[in-house]
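Working notes, structure below.
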Ligand code: NAD
Ligand code: ZN
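Numbering (my numbering), first residue to last: 69 to 315.
Structure (structure tokens):
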């Protein structure tokens, strides 16, 4: 059986690496961008999630971001996050590279989390550099739109996520590719694998000899390259794999 084979590969991994996308947090109630029910069926992402849009009108940005922020702040890790944390604790995974910005891997106990698209848990003032927890900014959105910097009064308060048109965090990307080259098993979970350069990470791992395992609700462009493809929900499949490995 496919899940059994995946458990064998992951159970034997010495330098396993996971790449996760929005799908792992779907069962925590955070909508994905693409795929069935994805947010991008409602918004034009390149518009509302671009740095140009933010700089042109921070209020417009925050009015879209407001609801999403309260959902993400209230979300809790699901069994998929917990299973990945358990695989790190038991030595099967060296790290989780994530395209998610929600902080749920850290909340579930994963220790080495490489956030290639930044974090939405913190907000930074682009004028003075002051940082605040997202929750503090979120709490004043009903009174203040756009939210203003507590230190300098500036209106360009931006979550520390990578928006379209912004560079990726160089150190995180370098670390992710280094781990991909060293990986013996590469697990990709809940990612449509169409956002670059994140999607190059499993490609580099596979070219460097890693066995690729894809767990996703829908087909991905990398399925043909994978040793194992499991079509399912990460919150169900991952705990099953951990159970089969057994400690
Ligand atoms: P995506 O939204 O493009 O694709 C998500 C994929 O997950 C889809 O292929 C879908 O079929 C699959 N999926 C949905 N539910 C699943 C489940 N329960 N189990 C397994 N698979 C499931 O996500 P992406 O590839 O991560 O890229 C989108 C970009 O959006 C990323 O850059 C990320 O920064 C950002 N994003 C982040 C969050 C978050 O932080 N939680 C949420 C949405 C989008
Ligand atoms: Zn400021």
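Every residue gets a Cβ at the ideal spot worked out from N, C-alpha and C, and that includes glycine.
Item: From residue 118 to residue 70, what does the alpha carbon distance come to, in whole angstroms?; Value: 40 Å
Item: Just tell me which of 93, 233, 193 and 79 has its CA closest to the CA of residue 172.; Value: 93
Item: Compute the beta-carbon to beta-carbon distance between residue 329 and residue 82, rounded to the nearest angstrom, for a pair I have assumed lies under 8 Å.; Value: With the chain covering only 69 through 315, there is no way to say anything about residue 329.
Item: Does any heavy atom of the ligand ZN sit closer than 8 Å to the C-beta of residue 198?; Value: yes
Item: Comparing alpha-carbon positions, which option in 189, 313 and 151 lies nearest residue 178?; Value: 151
Item: Within the present structure, is the beta-carbon of residue 99 separated from the nearest heavy atom of the ligand NAD by less than 8 Å?; Value: yes
Item: Which of the three DSSP states is assigned to residue 232 in this structure?; Value: strand
Item: Candidates 309, 124, 239 and 132: which alpha carbon is nearest residue 181's?; Value: 239
Item: Among residues of its own chain, excluding the 5 on either side of residue 273, which ones have a beta-carbon nearer than 6 Å to its beta-carbon?; Value: 248, 251 and 254
Item: Rounded to the nearest angstrom, what separates residue 267 and residue 301 at their Cα positions?; Value: 20 Å
Item: Looking at the strands, I want to know which residues DSSP matches up with residue 88.; Value: 166 and 257
Item: When the distance is taken between beta carbons, is residue 269 closer than 9 Å to residue 306?; Value: no
Item: Step through the CB atoms of chain B and report whether any lies within less than 9 Å of the CB of residue 100.; Value: No chain B appears in this structure, which consists of one protein chain only.
Item: Just reading off the beta strand (DSSP E) that residue 182 is part of, what are its end residues?; Value: 181-183
Item: Alpha carbon to alpha carbon, how far is residue 129 from residue 121? Give it in angstroms, no decimals.; Value: 7 Å
Item: Could you give the C-beta distance for residue 163 and residue 85, rounded to a whole number, given that I count them as a contact under 8 Å?; Value: 6 Å
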